[in-house]
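Okay, so here's the structure we're looking at.
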Amino acid sequence: MRAFEAAARHRSFTGAARELSVTPAAVSHQVKGLEEYVGVRLFRRQTRGLALTEAGAGALPDVADGLDAFARALAGLREDEAERPLTVSVAPSFAGKWLVPRLEDFRQHANGMEIRLDTSERLSDFAADDVDIAIRYGPGHYSGVHVERLAAQAVFPVCSPWLLEHGPELNRPADLAGHTLIHVDWARAGLTAPDWASWLETAGAPGVDSGGGPHFNQQSMAIQAAVAGHGVALGSAILVADDLAARRLVRPFRHALMEPNAYYLVCPHATAQTRRFMQFRDWLFAEMGTTPGAE
Numbered sequence: 056m057r058a059f060e061a062a063a064r065h066r067s068f069t070g071a072a073r074e075l076s077v078t079p080a081a082v083s084h085q086v087k088g089l090e091e092y093v094g095v096r097l098f099r100r101q102t103r104g105l106a107l108t109e110a111g112a113g114a115l116p117d118v119a120d121g122l123d124a125f126a127r128a129l130a131g132l133r134e135d136e137a138e139r140p141l142t143v144s145v146a147p148s149f150a151g152k153w154l155v156p157r158l159e160d161f162r163q164h165a166n167g168m169e170i171r172l173d174t175s176e177r178l179s180d181f182a183a184d185d186v187d188i189a190i191r192y193g194p195g196h197y198s199g200v201h202v203e204r205l206a207a208q209a210v211f212p213v214c215s216p217w218l219l220e221h222g223p224e225l226n227r228p229a230d231l232a233g234h235t236l237i238h239v240d241w242a243r244a245g246l247t248a249p250d251w252a253s254w255l256e257t258a259g260a261p262g263v264d265s266g267g268g269p270h271f272n273q274q275s276m277a278i279q280a281a282v283a284g285h286g287v288a289l290g291s292a293i294l295v296a297d298d299l300a301a302r303r304l305v306r307p308f309r310h311a312l313m314e315p316n317a318y319y320l321v322c323p324h325a326t327a328q329t330r331r332f333m334q335f336r337d338w339l340f341a342e343m344g345t346t347p348g349a350e
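Numbering (my numbering), first residue to last: 56 to 350.
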C-alpha cells in the first residue's frame, strides 16, 4: 500500500523509491504483488512515467487516508511525553549557535519535556533513524512529509570588537582589503548562499580580493573564528544573534544580503498531529520571532 500510494503521488517508481529508501525494482515488485492480490491493474506504464488506471485513481484517496490513520495510530502508541525524549535532527551549526542555548527555555515551556538532539547534515529517514522532527536549511523541497518554513535570514559581515578596535581600519567595505576574509564552503553541502564576492559586489567594493582566507564546512566554525579575532566572516543573522547581543561580535556594516534558502521544520504527517510536535513547533516559531534578522 505504501509503495502504491507513493508511486501514485510521484507518478514514478523512481520517485517513490527515493522517498521510501528502496530501489525502483522493489517498488515495482510491491505494486505488481498488490495488483495480483486485488486482481486489477492500478497503473498504466508509459514512456514518461506512470498513469493511474480508473481502478487505481478510485482507490488512491482511501488508501492515502488509511495510511495516514494508521500512522497516527502508531504515533499515538509511541507518544509518551513523560518518558520519551523528543528526538530532533538538526544541522550542527544551528544546534550549537541557536538551539542548544535555548533548550532550558523549551523545557520550561513544555513542562520538562526532554529533547534528544541528533546533529547531522543529511536528510533524516524518520523511521530508520528514530527521529521525530528535523530542522533543515535548504530550498524546502521535501516530498512525502509535513514541511513548514521557519525563517529566511540576512547575511552580513561580523568580526570581534578587538579586531575593530586594534586591527586595520574598517570604516567602509573597501577596507576589507586589509583584513582576512573567513569563508563557508556551501557548495560542499550542495547548497548556494551569499559569498564574499556577491556581498562585496553589492556593497560597492568589487575590487577587494574575495578569494583568500580560511575556509570552513560549518558556519559555526567560521563564526567562532571571527569571535577569536582571526578575520571577518559572513554571518547568518540567526546564528550570530547571541554573539552580537553578548558583544562577542560586532557588525561593522549595515549592508546585508538575503539568503536564497531558509530553515524548515520537517516531520512525518502523522507526527504533525501530535501534541509533542505542536508544543515544539509553537515554541520554535515564537523564539524565531524574537531573533534579529529572522523573517
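Beta carbons are placed, not taken as given, at the ideal position from N, Cα and C, and that holds for glycine. All of these numbers come straight from a predicted model, not from anything done at the bench.
Within 10 angstroms of the Cβ of residue 217, are there 16 or more other Cβ atoms? Answer buried if so, exposed if not.
-> Locating residue 217 in the sequence shown gives position 162, where the first residue counts as 1. By the neighbour-count rule (16 or more Cβ atoms within 10 Å), residue 217 is not buried but exposed.
Let me know the secondary structure DSSP gives residue 108 once reduced to three states.
-> In the sequence shown, counting from the first residue as 1, residue 108 sits at position 53. In this structure, residue 108 counts as coil in the three-state DSSP scheme.
Taking residue 292 and residue 208 to be in contact with their CB atoms under 8 Å, please state how far apart those CB atoms are, rounded to whole angstroms.
-> Here residue 292 refers to the residue found at position 237 when the sequence shown is read from its first residue. Here residue 208 refers to the residue found at position 153 when the sequence shown is read from its first residue. Yes, residue 292 and residue 208 are in contact; Cβ-Cβ is about 4 Å, under 8 Å.
Span of the beta strand (DSSP E) holding residue 143?
-> The residue you call residue 143 lines up with position 88 of the sequence shown. Residue 143 -> beta strand (DSSP E) spans 141-145.
If you compare alpha carbons, which of 341, 278, 171 is closest to residue 210?
-> For the purposes of this step, residue 210 is identified with residue 155 of the sequence shown, where counting begins at 1. The shortest C-alpha separation from residue 210 is found at 278.
For residue 145, which of 304, 251, 276, 320 has the nearest alpha-carbon?
-> Counted from its first residue, the sequence shown places residue 145 at position 90. Among 304, 251, 276, 320, the Cα nearest to that of residue 145 belongs to 320.
Taking the CB atoms as reference points, tell me whether residue 239 and residue 305 lie closer together than 9 Å.
-> For this step, residue 239 is matched to residue 184 along the sequence shown. For this step, residue 305 is matched to residue 250 along the sequence shown. Not in contact: residue 239 and residue 305 (Cβ atoms no closer than 9 Å).
Specify, as a first and last residue, the run of the alpha helix (DSSP H) that residue 216 falls within.
-> Position 161 of the sequence shown, counted from the start, is the residue given in the question as residue 216. Run containing residue 216: 216-221, per the alpha helix (DSSP H) assignment.
Taking buried to mean at least 16 other C-beta atoms within 10 Å of its own C-beta, is residue 85 buried or exposed?
-> Position 30 of the sequence shown, counting from 1, holds the residue named residue 85. Its Cβ being crowded by 16 or more others within 10 Å, residue 85 is buried.
So, is residue 187 buried or exposed, given that buried needs 16 or more other C-beta atoms within 10 angstroms?
-> Reading the sequence shown from its first residue, position 132 is the one you call residue 187. Buried, since its Cβ has 16 or more Cβ neighbours within 10 Å.
Looking only at DSSP bridge pairs, what is residue 289 linked to?
-> Counting from 1 along the sequence shown, the entry for residue 289 is found at position 234. Residue 289 pairs with 212.
To the nearest whole angstrom, what separates the beta carbons of residue 257 and residue 312, a pair I think is in contact under 8 Å?
-> As a position in the sequence shown, residue 257 is number 202, starting the count at 1. As a position in the sequence shown, residue 312 is number 257, starting the count at 1. So it is a contact: roughly 6 Å between Cβ atoms.
Of all the options 56, 255, 203, which has the alpha carbon lying nearest to the alpha carbon of residue 116?
-> As a working note, residue 116 is residue 61 in the sequence shown. Out of 56, 255, 203, 56 has the C-alpha closest to the C-alpha of residue 116.
Rounded straight-line distance, which links the Cα of residue 114 to that of residue 363 | The requested residue 363 is not part of the displayed model; the chain covers only 56 to 350.
According to DSSP, which residues form a beta bridge with residue 98?
-> Residue numbering aside, residue 98 sits at position 43 when the sequence shown is read from its first letter. Note: residue 98 sits in a beta bridge opposite 107.
Apart from the five residues on each side of it in sequence, which residues of its chain come closer than 8 Å, Cβ to Cβ, to residue 150?
-> As a working mapping, residue 150 is identified with position 95 in the sequence shown. Cβ neighbours of residue 150 beyond the five flanking positions: 172, 174.
For residue 287 and residue 181, the rounded distance between their alpha carbons = Within the sequence shown, the letter at position 126 stands for residue 181. Within the sequence shown, the letter at position 232 stands for residue 287. Rounded to the nearest angstrom, the two C-alpha atoms are 38 Å apart.
Inter-stretch contact (C-beta, 8 Å, three-pair minimum) for the stretch 61-74 and the stretch 194-203 = yes
Where does residue 23 land, buried or exposed, given buried means 16+ other C-beta within 10 angstroms?
-> Residue 23 is absent from the structure shown; the chain starts at 56 and stops at 350.
Beta-ladder partner(s) of residue 271, from DSSP | Counting from one through the sequence shown, the residue named residue 271 turns up at place 216. Partner(s): 239.
For residue 320, the three-state DSSP class (helix, strand or coil) = Here residue 320 refers to the residue found at position 265 when the sequence shown is read from its first residue. In this structure, residue 320 counts as strand in the three-state DSSP scheme.
Delimiting residues of the beta strand (DSSP E) encompassing residue 173 | One-based indexing of the sequence shown puts residue 173 at position 118. Counting along the chain, the beta strand (DSSP E) containing residue 173 begins and ends at 170-174.
Option in 82, 67, 97 with minimal Cα separation from residue 105 | In the sequence shown, residue 105 corresponds to position 50, counting from 1. Checking every option, the nearest Cα to that of residue 105 belongs to 67.
When the Cα atoms are used, what is the spatial distance from residue 300 to residue 252?
-> Against the sequence shown, residue 300 aligns to sequence position 245. Against the sequence shown, residue 252 aligns to sequence position 197. Computed Cα separation, rounded: 27 Å.
Which partner residues does residue 206 have in the DSSP bridge list?
-> The residue labelled residue 206 in the question sits at position 151 within the sequence shown. Answer is 318.
Alpha carbon to alpha carbon, what distance is there between residue 341 and residue 333?
-> On the sequence shown, position 278 is the one that residue 333 refers to. On the sequence shown, position 286 is the one that residue 341 refers to. Each residue's alpha carbon lies about 12 Å from the other.
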